[in-house]
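Colleague: First residue of the sequence shown? That's 506 in this note's numbering, and the numbers climb one at a time after it.
C-beta: ideal position from N, C-alpha, C; glycine also.
Bear in mind the structure is a predicted one, so any value in this text is a computation, not a measurement.
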Amino acid sequence: MAEGDHRELTELPVAEALAAMQALAVRIWTPEARHHPGQLAWSYAYALPEDLGHGPAAVLTRDEDLVAWAWAESEDWMELCVDPAALDAGDAAIAWFLERAGSSAVRTMALDTEEHVFAALDRAGFLPEDEMPWFTHHYLDLENLLPVPEVAGYTFRHVDPDEAGPRSACHRAAWSQPGGTSKVTAAAYERLMRTPPYRHDLDWVAVDEAGELVASATIWLDETNGVALVEPVGCVPDHRGRGLAGAVSVAGLAAARDLGARLGMVCPRGDDGYPVPMRVYQGIGFTPGPRTVTFVRPSLEA
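Printed below as a string of structure tokens:
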């Protein structure tokens with residue numbers, strides 16, 4: 506640490522740390538950085554706390570400026586954000602998480618453009634792990650956004666603040682697979698709606714002729730950087746194959762553009778295990794950028 510620097514690590518419940526975590530993500534964001542404030546909001550609030558099992562976060566400041574954080578999203582998964590100008594703070598954040606984890610195997614993820622994060626993880630004994638699913642960050646200049654498509658029998662609109670019940674039901678119908686049920690309840694969605702930077706006028710749905718919400722796309726606007734993240738998108742199984750997922754995404758992005766967004770962003774899987782979303786996004790104009798890499802610190806047990 507340079508002479509005159511004063512670094513401090515503070516452990517907080519993630520509910521108390523979230524705003525600071527988002528602020529650092531905004532301050533250091535580029536198309537080569539992983540974290541967006543909307544992605545953090547969704548990860549934090551898509552379900553009720555008792556259903557998530559999130560651990561605390563460590564926030565590191567230098568001369569009162571936040572420069573790194575680590576979040577125990579679960580006991581064996583670390584989310585990490587590091588200012589490239591404060592690498593020693595990244596080392597300290599990782600050390601905090603590893604002390605919590607003890608000898609158990611733990612994992613994290615970074616973009617392949619975040620060389621400073623790769624270096625910090627290497628110093629801490631993490632290794633790349635090819636077997637895990639990976640994601641690609643896709644981008645779209647919103648000046649080139651296509652017009653909102655017309656889909657016969659459906660209309661597109663944003664949700665109202667009192668629609669947490671039907672909005673969450675639409676998400677559950679789209680995302681609950683055989684043998685599993687989405688944790689996005691009405692109560693959880695009400696909580697999500699209270700979590701910045703959520704805006705109900707950027708939460709878009711497709712509505713069928715019976716008035717049912719059958720597809721959805723939530724857009725999260727980083728006003729500072731003009732970046733609109735699409736997360737998540739879903740379509741009820743009985744209404745798939747009509748282009749609704751792409752159309753509702755375009756409708757939401759058009760609304761974000763009207764509010765000042767310049768760049769659209771979405772992060773579908775890039776491996777062969779779940780290829781349809783990437784095809785949908787590329788079909789509306791998104792182009793791929795950097796990909797994620799998963800790292801593991803192997804178990805230290807003999």
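Can you find the residues in the same chain that come closer than 6 Å, C-beta to C-beta, to A507, ignoring five residues on each side of it along the sequence?
Modeller: In the sequence shown, counting from the first residue as 1, residue 507 sits at position 2. Summary for A507: the model assigns pLDDT 46, below 50, so the residue's position carries little reliability; its value from the coordinates is reported in the next sentence. Nothing listed; no residue qualifies.
Colleague: Checking the sheet assignment: what are the DSSP bridge partners for P666?
Modeller: By 1-based counting over the sequence shown, the position of residue 666 is 161. Partner(s): none; P666 has no beta bridge.
Colleague: Evaluate P795 with the Cβ neighbour count: other Cβ atoms within 10 Å of its Cβ, from every protein chain shown; 16 or more gives buried, anything less gives exposed.
Modeller: Taking the first residue of the sequence shown as 1, we reach residue 795 at position 290. Buried, by the Cβ-count rule.
Colleague: I want to know whether the region 559–575 touches the region 757–771 - three or more CB-CB distances under 8 Å.
Modeller: no
Colleague: Could you name the residues of the same chain whose beta carbon sits closer than 8 Å to that of R696, not counting the 5 residues immediately before and after it, in chain order?
Modeller: Against the sequence shown, residue 696 aligns to sequence position 191. The answer, listed in chain order, is A550 and L553.
Colleague: Flag H643 as yes when its Cβ comes closer than 7 Å to any non-hydrogen atom of the ligand SAM, and as no otherwise.
Modeller: Questions concerning the ligand SAM fall outside what the structure shown contains, since it holds no ligand whatsoever.
Colleague: So who's on the other strand from R762, going by DSSP bridges?
Modeller: The residue given as residue 762 occupies position 257 in the sequence shown. Looking at the DSSP assignment, R762 forms no beta bridge with any residue, so it has no partner.
Colleague: Looking only at C-alpha atoms, which of L647, R677, R612 and M526 sits nearest to L565?
Modeller: Numbered from 1 along the sequence shown, position 60 holds the residue referred to as residue 565. The candidate whose alpha carbon is nearest that of L565 is M526.
Colleague: Whole angstroms is fine: what's the gap from W534's alpha carbon to N730's?
Modeller: One-based indexing of the sequence shown puts residue 534 at position 29. One-based indexing of the sequence shown puts residue 730 at position 225. Cα to Cα, the separation comes out at about 8 Å.
Colleague: Here's the rule I'm using: 16 or more other beta-carbon atoms within 10 Å means buried, otherwise exposed. How should G746 be labelled?
Modeller: Residue numbering aside, residue 746 sits at position 241 when the sequence shown is read from its first letter. Its Cβ having fewer than 16 others within 10 Å, G746 is exposed.
Colleague: When you compare only the Cα positions, how much space is there between T792 and L651?
Modeller: Your numbering for residue 792 matches position 287 in the sequence shown. Your numbering for residue 651 matches position 146 in the sequence shown. Cα to Cα, T792 sits roughly 14 Å from L651.
Colleague: Cα-Cα, which of L647, R699, S721 and P702 is closest to R672?
Modeller: On the sequence shown, position 167 is the one that residue 672 refers to. The shortest Cα separation from R672 among L647, R699, S721 and P702 belongs to S721.
Colleague: Could you give the distance in angstroms between the alpha-carbon of P801 and the alpha-carbon of W576?
Modeller: Looking up residue 801 in the sequence shown gives position 296. Looking up residue 576 in the sequence shown gives position 71. First, the residue type needs correcting, since residue 801 is Val and not Pro in the sequence shown. Their Cα atoms are separated by approximately 16 Å.
Colleague: Can you tell me where the beta strand (DSSP E) holding W739 begins and where it ends?
Modeller: Walking along the sequence shown from the start, residue 739 turns up at place 234. Looking at the sequence itself, residue 739 is Gly, so the reference to Trp does not match. Element bounds for G739: V732 to C740.
Colleague: Return the CA-CA distance between L768 and R539, expressed in angstroms with no decimal places.
Modeller: For the purposes of this step, residue 768 is taken as residue 263 along the sequence shown, with counting starting at 1. For the purposes of this step, residue 539 is taken as residue 34 along the sequence shown, with counting starting at 1. Their backbone Cα atoms lie some 15 Å apart in a straight line.
Colleague: To the nearest angstrom, how far is it from the Cα of F661 to the Cα of M770?
Modeller: On the sequence shown, position 156 is the one that residue 661 refers to. On the sequence shown, position 265 is the one that residue 770 refers to. Roughly 20 Å between the two C-alpha positions.
Colleague: Where do the N-terminal and C-terminal ends of the beta strand (DSSP E) with G607 fall, by residue?
Modeller: Working through the sequence shown from its first residue, we reach residue 607 at position 102. Taken as a continuous stretch (DSSP letters only), G607 belongs to no beta strand (DSSP E), as it is neither H nor E.
Colleague: Look at the Cβ atom of A679, then the Cβ atom of V741, and state whether they are nearer than 8 Å.
Modeller: Numbered from 1 along the sequence shown, position 174 holds the residue referred to as residue 679. Numbered from 1 along the sequence shown, position 236 holds the residue referred to as residue 741. In this structure, V741 lies closer than 8 Å to A679 by Cβ.
Colleague: Would you grab the beta carbon distance between G595 and W725 for me? Rounded to a whole angstrom, and I think it's under 8 Å.
Modeller: By one-based count along the sequence shown, residue 595 stands at place 90. By one-based count along the sequence shown, residue 725 stands at place 220. Incorrect: roughly 25 Å between the Cβ atoms, too far for contact.
Colleague: Grouping DSSP H, G and I as helix and E and B as strand, with all else coil, what is G558?
Modeller: Walking along the sequence shown from the start, residue 558 turns up at place 53. G558 falls in the coil class under three-state DSSP.
Colleague: Kindly indicate the opening and closing residues of the alpha helix (DSSP H) around H621.
Modeller: Against the sequence shown, residue 621 aligns to sequence position 116. Segment E620 to R628, the alpha helix (DSSP H) holding H621.
Colleague: Is it true that the CB of H676 sits closer than 8 Å to the CB of D706?
Modeller: Numbered from 1 along the sequence shown, position 201 holds the residue referred to as residue 706. Numbered from 1 along the sequence shown, position 171 holds the residue referred to as residue 676. In this structure, H676 does not lie closer than 8 Å to D706 by Cβ.
Colleague: Run the CB neighbour count on G509, radius 10 Å, all protein chains shown included, and call it buried at 16 or more, exposed below.
Modeller: The sequence position of residue 509 within the sequence shown is 4, counting from 1. In this prediction, G509 has a pLDDT of 43, which is less than 50 and means its spatial position is unreliable; nothing more can be read from the coordinates.
Colleague: For S579, I'd like the list of residues in its chain whose CB is within less than 8 Å of its CB, leaving aside the five on either flank, ordered along the chain.
Modeller: Taking the first residue of the sequence shown as position 1, residue 579 is located at position 74. Closer than 8 Å at the Cβ level, and outside the excluded window around S579, lie G558, H559 and G560.
Colleague: Exposed or buried, E555, counting other C-beta atoms within 10 Å across all chains shown (16 or more means buried)?
Modeller: Counted from its first residue, the sequence shown places residue 555 at position 50. Flag for E555 reads exposed.
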